[in-house]
Amino acid sequence: MDVFFQQLVNGLAWGSIYALIALGYTMVYGILKLINFAHGEIYMLGAMTGYYAARALGFDDGPSMIGLLTVLTISMVVCAAVGMLIERVAYRPLRNAPRLAPLITAIGVSLFLQYGGQIVFGPDPKVPPELLAKSTLFTVGSVPVNNVQVVVLVVSLALCAGLTWIVHRTRMGRAMRAVSYDRQAAALMGINTDKTIAFTFAVGSALAAAAGILVGLYNPKVEPLMGLMPGLKAFVAAVLGGIGNIPGAMLGGVILGVAETLVSGYLSSTYRDAIAFVILIVILLVRPTGLLGSTAKEKV
Amino acid sequence: MKTIAKLTLVLLIAFAPMGCDQGGKGAPAEGGASSANAEATTIKIGEYASLTGPTATFGQSSHKGLQLAIDEINAAGGVLGKQIELITEDDQSKPEEARTAVLKLIRQDDVVAVLGEMASSRSLAAAPEAQRAKVPMISPGSTNPQVTKVGDYIFRVCFIDPFQGGTMARFAVEDLKATNAAVLVDVKNDYSVGLAEFFVKKFQDLGGTILAQESYTEGDTDFRAQLTKIRELKPEVMFIPGYYTEVGLIAQQARELGIDVPLLGGDAWDSPVTLEIGKDAVNNSYFSNHYSADDPDPTVQDFIQKFEQTYGETAGADGSKKKPDAMAVLGYDAGKLIADAIKRAGSAEPTAIRDAIAATKGFPGVTGSITINAERNAEKPIVILKIEDQQIKFVKRIEP
Numbered sequence: 001m002d003v004f005f006q007q008l009v010n011g012l013a014w015g016s017i018y019a020l021i022a023l024g025y026t027m028v029y030g031i032l033k034l035i036n037f038a039h040g041e042i043y044m045l046g047a048m049t050g051y052y053a054a055r056a057l058g059f060d061d062g063p064s065m066i067g068l069l070t071v072l073t074i075s076m077v078v079c080a081a082v083g084m085l086i087e088r089v090a091y092r093p094l095r096n097a098p099r100l101a102p103l104i105t106a107i108g109v110s111l112f113l114q115y116g117g118q119i120v121f122g123p124d125p126k127v128p129p130e131l132l133a134k135s136t137l138f139t140v141g142s143v144p145v146n147n148v149q150v151v152v153l154v155v156s157l158a159l160c161a162g163l164t165w166i167v168h169r170t171r172m173g174r175a176m177r178a179v180s181y182d183r184q185a186a187a188l189m190g191i192n193t194d195k196t197i198a199f200t201f202a203v204g205s206a207l208a209a210a211a212g213i214l215v216g217l218y219n220p221k222v223e224p225l226m227g228l229m230p231g232l233k234a235f236v237a238a239v240l241g242g243i244g245n246i247p248g249a250m251l252g253g254v255i256l257g258v259a260e261t262l263v264s265g266y267l268s269s270t271y272r273d274a275i276a277f278v279i280l281i282v283i284l285l286v287r288p289t290g291l292l293g294s295t296a297k298e299k300v
Numbered sequence: 001m002k003t004i005a006k007l008t009l010v011l012l013i014a015f016a017p018m019g020c021d022q023g024g025k026g027a028p029a030e031g032g033a034s035s036a037n038a039e040a041t042t043i044k045i046g047e048y049a050s051l052t053g054p055t056a057t058f059g060q061s062s063h064k065g066l067q068l069a070i071d072e073i074n075a076a077g078g079v080l081g082k083q084i085e086l087i088t089e090d091d092q093s094k095p096e097e098a099r100t101a102v103l104k105l106i107r108q109d110d111v112v113a114v115l116g117e118m119a120s121s122r123s124l125a126a127a128p129e130a131q132r133a134k135v136p137m138i139s140p141g142s143t144n145p146q147v148t149k150v151g152d153y154i155f156r157v158c159f160i161d162p163f164q165g166g167t168m169a170r171f172a173v174e175d176l177k178a179t180n181a182a183v184l185v186d187v188k189n190d191y192s193v194g195l196a197e198f199f200v201k202k203f204q205d206l207g208g209t210i211l212a213q214e215s216y217t218e219g220d221t222d223f224r225a226q227l228t229k230i231r232e233l234k235p236e237v238m239f240i241p242g243y244y245t246e247v248g249l250i251a252q253q254a255r256e257l258g259i260d261v262p263l264l265g266g267d268a269w270d271s272p273v274t275l276e277i278g279k280d281a282v283n284n285s286y287f288s289n290h291y292s293a294d295d296p297d298p299t300v301q302d303f304i305q306k307f308e309q310t311y312g313e314t315a316g317a318d319g320s321k322k323k324p325d326a327m328a329v330l331g332y333d334a335g336k337l338i339a340d341a342i343k344r345a346g347s348a349e350p351t352a353i354r355d356a357i358a359a360t361k362g363f364p365g366v367t368g369s370i371t372i373n374a375e376r377n378a379e380k381p382i383v384i385l386k387i388e389d390q391q392i393k394f395v396k397r398i399e400p
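Chains as they are written, first to last, in this note's numbering: chain A, 1 to 300; chain B, 1 to 400.
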């Protein structure tokens with residue numbers, strides 16, 4: 001039972017990270033019906049920004065809560081800007097093009113960021129400075145739960161809660177929901193769709209950046225290709241929960257993280273990456289709209 | 001008409017770069033100078049190494065060692081009256097790139113010999129090309145036995161994994177008094193898989209039990225699932241024959257989960273990054289290596305001094321000075337050996353060089369006396385090092 005609980009804790013930590021990245025995917029899909037494949041690279045940029053920011057601001061000689069919060073903020077702001085830039089340059093010109101064009105562009109942006117990252121940052125993995133001193137907070141039975149795992153969980157929950165508040169309790173959130181429901185009608189109602197879409201990208205990217213920083217704390221190794229796998233898995237998580245559905249993305253992320261760890265722990269660690277894609281295939285066969293998604297009946 | 005003109009222009013522009021020199025690092029290839037050309041003023045030796053990528057410290061270190069050797073030889077007048085020209089290619093820690101790099105060195109740069117690689121996977125990818133072109137290849141540090149089995153033009157100056165795995169198993173049983181062990185293998189990595197196999201076999205032969213064999217892939221960052229499983233079985237030691245980046249993370253996560261037993265590893269642990277990532281977590285671990293910086297032998301200390309003078313002292317993560325690692329020493333030995341072989345061969349013909357390498361007996365290397373045996377491997381001593389207080393300390397040396 002202890003092993004199970006330990007694996008559960010491990011899985012929840014990763015699940016929260018997938019959830020944060022999945023939120024970006026799901027929001028952009030909801031609003032633009034576009035799967036932003038470059039999103040995994042935003043996560044990578046967040047981690048990289050965190051690394052360089054921590055070094056530049058001199059936080060690399062020891063754990064520092066202020067350092068962590070500063071780096072987190074900087075990273076989120078930078079990636080929000082990058083996300084908006086990508087939207088402006090790569091996706092907006094194709095707003096009215098057939099769906100395939102922005103999809104391919106997204107893949108192109110993803111590859112550009114990966115290989116550009118290798119040139120700019122160098123392909124060697126880097127070790128982010130330890131901004132949080134690791135210590136075991138408490139043990140449940142014989143299972144140590146360390147503070148980093150708790151921080152990852154708490155920060156993710158806080159950000160998800162923040163997002164839900166934005167979406168349901170602010171004007172901009174209402175605009176986002178309206179645009180995702182029917183873009184043209186929203187425009188007719190006086191909503192600035194361009195601004196709303198840019199805002200969506202900004203928020204999604206900021207969340208991915210936060211995920212990047214958290215991963216830097218949890219598994220201190222960052223490199224330009226680190227966004228590839230988590231990006232794909234977060235996409236699977238978003239589909240699992242129902243793409244376009246925000247609580248669905250959170251649920252999908254957590255389920256995926258836990259499933260991955262349980263499979264890795266109980267079956268065989270070689271199947272760790274495979275389980276995500278098995279889940280993708282199964283969910284598309286059994287319930288393509290995802291766990292929390294609903295089919296919108298098209299009224300003719 | 002206009003379309004054809006445009007199309008031709010586009011094609012010309014697209015293919016123009018192919019005419020330009022596609023250089024890697026190092027001197028550009030002199031077109032047309034073949035190794036058989038007696039007019040050549042230098043002897044070209046190719047090097048392929050992982051200067052970038054997840055195992056960048058291997059390539060960077062071995063390159064520094066090799067460059068030092070070549071510079072020394074050239075300063076003393078070169079070989080056969082000619083200077084040695086070292087042409088280096090970066091394989092980015094990727095096997096496909098290693099193969100491409102070796103092809104380029106052989107075909108475009110007309111090298112008479114190739115030095116590389118540290119990682120067995122990359123040596124295995126490139127060796128068939130060297131063998132096919134009948135250009136001798138010396139690997140400074142690949143320990144997987146399969147590498148030299150590729151053909152009679154492939155050599156190495158280090159020990160092989162059956163010896164390494166067996167030694168670590170014996171150390172675990174006899175010195176650490178372990179009766180059981182867990183193994184965590186990198187399944188994508190020939191070196192790791194082979195070394196684990198040899199460790200397991202010897203450990204079991206000596207009466208030990210292998211409680212678990214878990215796996216991961218190079219590039220993974222989270223090993224908690226496998227480590228949790230291992231923790232439950234309560235092994236007395238854990239063998240992690242992987243590359244340094246993952247080893248650092250694994251050690252960290254293992255200690256986090258409460259696994260306090262000694263960790264054991266192989267020569268791929270030797271990198272300043274292991275301590276940088278692992279920090280306190282890698283204390284209480286032992287790994288096998290080709291040389292120890294604490295070795296009082298004057299040859300070793302001389303080399304360390306020369307290396308530090310040339311490259312400055314490599315500053316460690318905690319600001320401390322770190323000595324050259326095993327990769328640098330092996331690179332140096334390989335460089336010295338190839339020059340010696342060319343001298344003995346009396347010619348810069350690849351086949352003659354190959355025969356001279358095969359006939360090497362008692363060549364004095366910094367890592368020990370190098371004699372190339374019938375399998376084209378070198379029978380060298382192993383040193384076992386311990387990591388304590390984030391410092392690497394010498395424990396013992398085992399002769400072959």
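C-beta: ideal position from N, C-alpha, C; glycine also.
- Message: For a contact defined as C-beta to C-beta under 9 Å, what are the partners of residue 289(A) on chain B?
- Response: Locating residue 289(A) in the first sequence gives position 289, where the first residue counts as 1. Within 9 Å Cβ-Cβ: nothing; residue 289(A) doesn't reach chain B, min ~30 Å.
- Using the rule of at least 16 other Cβ atoms within 10 Å of the residue's Cβ for burial, across every protein chain shown, is residue 340(A) buried or exposed? For chain A, the structure presents residues 1 to 300; residue 340(A) sits outside this window and is missing.
- Message: Any beta carbon from chain A within less than 7 Å of residue 91(B)'s own beta carbon?
- Response: The count along the second sequence starts at 1 and reaches residue 91(B) at position 91. Not one chain A Cβ lies under 7 Å of residue 91(B).
- Task: Flag residue 253(A) as yes if its beta-carbon sits less than 7 Å from any beta-carbon of chain B, otherwise no.
- Result: In the first sequence, counting from the first residue as 1, residue 253(A) sits at position 253. Judged by the 7 Å Cβ criterion, residue 253(A) is not in contact with chain B.
- Do three or more CB pairs link the region 249-264 of chain B to the region 250-263 of chain A at distances below 8 Å? As far as the Cβ criterion goes, the region 249-264 of chain B does not touch the region 250-263 of chain A, which means the pair count is below three.
- Task: Return no unless some Cβ of chain A is closer than 7 Å to the Cβ of residue 197(B).
- Result: The residue labelled residue 197(B) in the question sits at position 197 within the second sequence. It does not: the Cβ of residue 197(B) has no partner Cβ on chain A nearer than 7 Å.
- Message: I believe residue 89(B) touches residue 105(B) by the beta-carbon criterion, under 8 Å. Please report the beta-carbon distance rounded to the nearest angstrom.
- Response: Taking the first residue of the second sequence as 1, we reach residue 89(B) at position 89. Taking the first residue of the second sequence as 1, we reach residue 105(B) at position 105. At roughly 6 Å, the Cβ-Cβ gap stays under 8 Å, so residue 89(B) and residue 105(B) are in contact.
- Message: I'd like to know whether the C-beta of residue 391(B) is nearer than 7 Å to at least one C-beta of chain A.
- Response: Working through the second sequence from its first residue, we reach residue 391(B) at position 391. For residue 391(B), the answer is no, since every Cβ of chain A falls outside 7 Å of its Cβ.
- Item | chain A contact for residue 234(B) (CB, 7 Å cutoff) | Numbered from its first residue, the second sequence carries residue 234(B) at position 234. Answer no: the Cβ-Cβ gap between residue 234(B) and chain A never drops below 7 Å.
- Task: To the nearest angstrom, report how far apart residue 147(B) and residue 49(B) are at their CA atoms.
- Result: Sequence index remark: in the second sequence, residue 147(B) carries index 147 (1-based). Sequence index remark: in the second sequence, residue 49(B) carries index 49 (1-based). Approximately 16 Å between the Cα atoms of the pair.
- Message: My output table needs one value for residue 49(A): the three-state DSSP class, helix, strand or coil.
- Response: On the first sequence, residue 49(A) is found 49 positions in, with the first residue counted as 1. Three-state DSSP puts residue 49(A) in a helix.
- Message: At a cut-off of 6 Å, would you count residue 17(A) as near the ligand GDP, judging by its Cβ distance to the nearest heavy atom?
- Response: Ligands are entirely absent from the displayed structure, and the ligand GDP is therefore not among its contents.
- Does DSSP classify residue 155(B) as helix, strand or coil? Residue 155(B) sits at position 155 when you count from the first residue of the second sequence. DSSP, reduced to helix, strand and coil, places residue 155(B) within a strand of the structure shown.
- Message: Given this structure, state the Cα-to-Cα distance separating residue 251(B) from residue 166(B), to the nearest angstrom.
- Response: Against the second sequence, residue 251(B) aligns to sequence position 251. Against the second sequence, residue 166(B) aligns to sequence position 166. About 22 Å.
- Output yes if chain A places a C-beta closer than 7 Å to the C-beta of residue 222(B); else output no. Indexing the second sequence from 1 puts residue 222(B) at position 222. Closer than 7 Å to some Cβ of chain A, the Cβ of residue 222(B) qualifies, so yes.
- Beta-carbon contacts of residue 424(B) that lie in its chain and below 6 Å, excluding the five residues immediately before and after: The question about residue 424(B) has no answer, for chain B in this structure spans 1 to 400.
- With DSSP collapsed to three states, give me the class of residue 125(A). Here residue 125(A) refers to the residue found at position 125 of the first sequence. Note: residue 125(A) maps to coil in three-state DSSP.
- Nearest chain B C-beta to residue 221(A) closer than 7 Å, yes or no? To locate residue 221(A), count along the first sequence from 1; it is residue 221. Interface criterion met: the Cβ of residue 221(A) is under 7 Å from a Cβ in chain B.
- Message: For a test of the three-state rule: what should DSSP assign to residue 273(A), helix, strand or coil?
- Response: Along the first sequence, one-based indexing puts residue 273(A) at 273. The answer is helix: DSSP assigns residue 273(A) an H, G or I state.
- Message: I believe residue 22(A) touches residue 178(A) by the beta-carbon criterion, under 8 Å. Please report the beta-carbon distance rounded to the nearest angstrom.
- Response: As a position in the first sequence, residue 22(A) is number 22, starting the count at 1. As a position in the first sequence, residue 178(A) is number 178, starting the count at 1. Not confirmed; about 22 Å, so no contact.
- Message: I'd like to check one pair, residue 44(B) with residue 85(B): are the Cβ atoms closer than 7 Å?
- Response: As a position in the second sequence, residue 85(B) is number 85, starting the count at 1. As a position in the second sequence, residue 44(B) is number 44, starting the count at 1. Yes, these two residues count as a Cβ contact at 7 Å.
- Task: Spell out whether any CB of chain B is found under 7 Å from the CB atom of residue 127(A).
- Result: The residue labelled residue 127(A) in the question sits at position 127 within the first sequence. By this cut-off, residue 127(A) is an interface position.
- Task: Please confirm whether residue 110(A) and residue 59(A) have their CB atoms less than 7 Å apart.
- Result: As a first step, residue 110(A) must be located in the first sequence, where it is residue number 110. As a first step, residue 59(A) must be located in the first sequence, where it is residue number 59. No, the pair does not count as a contact, with Cβ atoms beyond the cut-off.
- Query: Since residue 367(B) and residue 291(B) are thought to touch, with beta carbons under 8 Å apart, how far apart are those beta carbons, to the nearest angstrom?
  - Reply: Start at 1 with the first residue of the second sequence, and residue 367(B) comes out as number 367. Start at 1 with the first residue of the second sequence, and residue 291(B) comes out as number 291. Approximately 5 Å separates the beta-carbon atoms of residue 367(B) and residue 291(B); this is inside 8 Å, confirming the contact.
- Message: On a Cα-Cα basis, can you pick out the residue from 187(A), 129(A), 279(A) that is closest to residue 50(A)?
- Response: Here residue 50(A) is taken as the residue at index 50 of the first sequence, counted from 1. Among 187(A), 129(A), 279(A), the Cα nearest to that of residue 50(A) belongs to 129(A).
- Message: Please state whether the Cβ-Cβ distance between residue 134(A) and residue 222(A) is less than 7 Å.
- Response: As a first step, residue 134(A) is located in the first sequence; it is residue number 134 there, counting from the start. As a first step, residue 222(A) is located in the first sequence; it is residue number 222 there, counting from the start. Not a contact, by the Cβ cut-off of 7 Å.
- Query: What distance in whole Å lies between the Cβ atoms of residue 328(B) and residue 64(B), which are believed to be in contact at a cut-off of 8 Å?
  - Reply: On the second sequence, position 64 is the one that residue 64(B) refers to. On the second sequence, position 328 is the one that residue 328(B) refers to. Residue 328(B) and residue 64(B) do touch by the CB rule: their CB atoms are close to 5 Å apart, below 8 Å.
- Buried or exposed: residue 289(B), going by 16 or more other Cβ atoms within 10 Å of its Cβ? As a first step, residue 289(B) must be located in the second sequence, where it is residue number 289. Looking at its Cβ environment, which holds 16 or more other Cβ atoms inside 10 Å, residue 289(B) is buried.
- Could you give the DSSP three-state label for residue 180(B): helix, strand or coil? Taking the second sequence and counting its residues from 1, one reaches residue 180(B) at position 180. Three-state result, residue 180(B): strand.
- Task: Could you round the C-beta distance between residue 400(B) and residue 171(B) to whole angstroms and report it? I think they count as a contact, below 8 Å.
- Result: Along the second sequence, one-based indexing puts residue 400(B) at 400. Along the second sequence, one-based indexing puts residue 171(B) at 171. Contact doesn't hold; Cβ gap of about 15 Å is too wide.
- Task: Within the same chain, show all residues whose beta-carbon is closer than 6 Å to that of residue 211(A), passing over the 5 residues directly before and after it, in chain order.
- Result: Translated into the one-based positions of the first sequence, residue 211(A) becomes position 211. For residue 211(A), where only same-chain residues beyond five positions count, the Cβ hits under 6 Å are 17, 20, 21, 43.
- Message: Quick check for students: name the residue ranges of the beta strand (DSSP E) that lie wholly in the region 176-226 of chain B, counting only runs of 3 or more.
- Response: As for any beta strand (DSSP E) of minimum length 3 sitting wholly inside the region 176-226 of chain B, the runs are 180-186, 209-216, ordered along the chain.
- Could you name the residues of chain A that residue 229(B) contacts, counting a contact when the two beta carbons are closer than 9 Å? Position 229 of the second sequence, counted from the start, is the residue given in the question as residue 229(B). Those within 9 Å of residue 229(B) in chain A are 3, 7, 264, 265, 266, 269.
- Own chain, CB closer than 7 Å to residue 79(B), minus 5 neighbours either side, in chain order: Indexing the second sequence from 1 puts residue 79(B) at position 79. Here the set comprises 43, 73, 339, 342, 343.
- Query: Cβ of residue 10(A) less than 7 Å from any chain B Cβ?
  - Reply: On the first sequence, position 10 is the one that residue 10(A) refers to. True, the Cβ-Cβ gap to chain B drops below 7 Å.
- Query: Would the region 193-209 of chain A and the region 70-84 of chain A be scored as touching if the rule is three or more Cβ pairs under 8 Å?
  - Reply: Touching, per the Cβ criterion.
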